[in-house]
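> I'd like to ask you about the structure that follows.
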Amino acid sequence: TRAQTLSPTESPFVLFSYGESLYTDPNLGIQISDGLTAKLIARARSRVTFANGGQSSSVYHMYMDGAGITTLPDGGYVYVSNSEDDSGKAGVHGLYFNKDGEITNYKTLLSGTTWNCGGGLSPWNTWVSCEEHDRGQCWQVEPDPNKPNHNAPQVTLLGGNGGNYESVAVDNTYTDKPVFFTTEDNSSGELRRFEADGNGWDALHVGGQTTYLQFLDGNRFQWTTSLSAGRNSAANYYPNSEGIAYHNSTLYFVSKVTKRLYILNLTDKTYTSERTGSSWVGQGAFNSQPDQIIGNDMDKRKFIYFTEDGGKGPGVHVRDRQGRYYTMVRGVPGGRYSGDETVGIAFSPDRKKFYFGFQDAGVLMEVTRND
47 TRAQTLSPTE
57 SPFVLFSYGE
67 SLYTDPNLGI
77 QISDGLTAKL
87 IARARSRVTF
97 ANGGQSSSVY
107 HMYMDGAGIT
117 TLPDGGYVYV
127 SNSEDDSGKA
137 GVHGLYFNKD
147 GEITNYKTLL
157 SGTTWNCGGG
167 LSPWNTWVSC
177 EEHDRGQCWQ
187 VEPDPNKPNH
197 NAPQVTLLGG
207 NGGNYESVAV
217 DNTYTDKPVF
227 FTTEDNSSGE
237 LRRFEADGNG
247 WDALHVGGQT
257 TYLQFLDGNR
267 FQWTTSLSAG
277 RNSAANYYPN
287 SEGIAYHNST
297 LYFVSKVTKR
307 LYILNLTDKT
317 YTSERTGSSW
327 VGQGAFNSQP
337 DQIIGNDMDK
347 RKFIYFTEDG
357 GKGPGVHVRD
367 RQGRYYTMVR
377 GVPGGRYSGD
387 ETVGIAFSPD
397 RKKFYFGFQD
407 AGVLMEVTRN
417 D
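Anchor point for the sequence shown: position 274 equals 320 in the numbering used here, and the numbering is continuous, going up by one each time.
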């Protein structure tokens, strides 16, 4: 018998506590928090079915990975998803929804790239997609078909001379000088800080200044212009950094090697760290490598969502403001997703729908609250 679903909160943006009880959906092969329901909405190598009964002209992409959601002027939105394929077969694709959350279109937004892993959203509603190979770059993609750059994705300045780039977060406190943070999945992959000279598409392609994260003694850090100092710091403290998120003068990022979450206070330049999943509540477990992260309801509960790479039941896990971890959804341990990784976490603009996938299995799911 399922546990009773908690009553609705005051706002649809505030979700109940996850993971107190999980139930199994045998059709999808997942265990999911009570009060939530999931459904399959896209499968790699298969055409996407639209709300009007039609189908996409091309099949859904393979090796889905990092994702984000951008809004459209008519109230619809785009689930923008990377493909982590190899040898110029990767790219970015858009799954288009109307204002009622129904699928209306699917199309390619960037092609000819390699190992597009993570990325991030810009303050001007574009997607930045990061390639993860030795000469990888970070591409800006415009999902809105009515914008001038829709058919002209462009390499940004975020990646410098190239690298195994992973994810992007942005501090838009000062809109005339947004600050972008980029992680690199490399044993000495420096965390990059790019201070743009303006706001809008061109701000990622002209001007700006890049510095690098350097950890110091006493849990302090600084931003240095020395690339070698940044790389040495990464090798010693945060090798193979992955997901990253920003909120209210605080930067969060993870290292898959150390399995730690790093929390940087950008105001006083101090930091703390903790092992992901170290303080556990309810059912589930978070024992494998942390990967992508996103924030939600950060002003109140400070929920941070994590994907997981590997393990018998990879899942999507949540950390609250007290540092407690919960499982939102996971593959049935030892089941069809054993050894896979969860990817593509994103919320619809109204926060009533949540999207995630399993990369190797090539399935994308939509999660909704039962109330």
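No residue lacks a Cβ here, since even glycine has one placed at the ideal position from N, Cα and C.
Do Leu141 and Ser127 come within 8 Å of each other at the CB atom, strictly closer than that value?
yes
> Using a 10 Å radius around the Cβ and a threshold of 16 neighbouring Cβ atoms, would you call Lys346 buried or exposed?
exposed
> What residue from Glu212, Gly369 and Ile350 has the CA that sits closest to Val362's CA?
Ile350
> If you count every other CB in all the chains shown that lies within 10 Å of the CB of Lys302, and 16 or more means buried, which is it?
buried
> Please list, in chain order, all residues of the same chain as Asp386 whose beta carbon is under 7 Å from its beta carbon, the five residues on each side excluded.
Spatial neighbours of Asp386 in its own chain (CB-CB distance under 7 Å, excluding positions within 5 residues in sequence) are listed in chain order as Pro360, Gly377, Phe404, Gln405, Asp406 and Ala407.
> Residues in the same chain with beta-carbon distance under 7 Å from Leu203, minus the five sequence neighbours each way, listed in chain order, please.
Phe240, Leu250, His251 and Gly254
> Taking DSSP's pairing of strands, which residues face Gly361 in a bridge?
Arg376
> State the Cα-Cα distance for the pair Ala88 and Ser102, rounded to the nearest angstrom.
11 Å
> Counting C-beta neighbours from all protein chains within 10 Å, is the total for Glu148 16 or more, i.e. buried, or is it exposed?
exposed
> On the criterion of 16 or more Cβ atoms from any shown chain inside 10 Å, does Gln268 qualify as buried, or is it exposed?
Counting of Cβ neighbours within 10 angstroms places Gln268 among the exposed residues, the total staying below 16.
> Could you have a look at Gly165 and say whether DSSP puts it in helix, strand or coil?
In the structure shown, Gly165 adopts extended strand secondary structure according to DSSP, grouped into three states.
> Helix, strand or coil for Trp170, going by three-state DSSP, please let me know.
coil
> Name the two residues that bound the continuous beta strand (DSSP E) containing Asn311.
Arg306 to Asn311
> Here's a check: name, in chain order, each residue in its chain whose Cβ is nearer than 6 Å to the Cβ of Arg365, leaving out the five neighbours to either side.
Ile350 and Tyr371
> Whether or not the region 113-131 and the region 65-74 are in contact is what I'm after, with contact meaning three or more pairs of Cβ atoms, one per stretch, closer than 8 Å; do they touch?
no
> Per the contact definition of three or more C-beta pairs closer than 8 Å, is the region 325-339 in contact with the region 268-281?
no
> Once you ignore the five residues that flank Lys399 on each side, which residues in its own chain have a CB closer than 8 Å to its CB?
Gly147, Phe393, Glu412, Val413 and Thr414
> Could you tell me the alpha carbon to alpha carbon distance between Ser319 and Ala281, rounded to whole angstroms?
16 Å
> Pro336 bridges to which residues according to DSSP?
DSSP lists Glu354 as the bridge partner or partners of Pro336.
> Could you work out which residue in Ala97, Glu236 and Phe352 is closest to Thr257 when comparing CA atoms only?
Glu236
> Please work out which residues of its chain come closer than 8 Å, Cβ to Cβ, to Thr160, disregarding the five sequence neighbours upstream and downstream, and give them in chain order.
Asp131, Asp132, Ser133, Gly134, Lys135, Ala136, Glu177, His179 and Gly182
> Using C-beta distances below 6 Å, list every residue in its chain close to Lys153, excluding the 5 sequence neighbours before and after it, in chain order.
Gly140
> Within the region 274-300, note down every full beta strand (DSSP E) run reaching 3 residues or more, in order along the chain.
As far as the region 274-300 is concerned, its whole beta strand (DSSP E) runs of at least 3 residues are 287-293.
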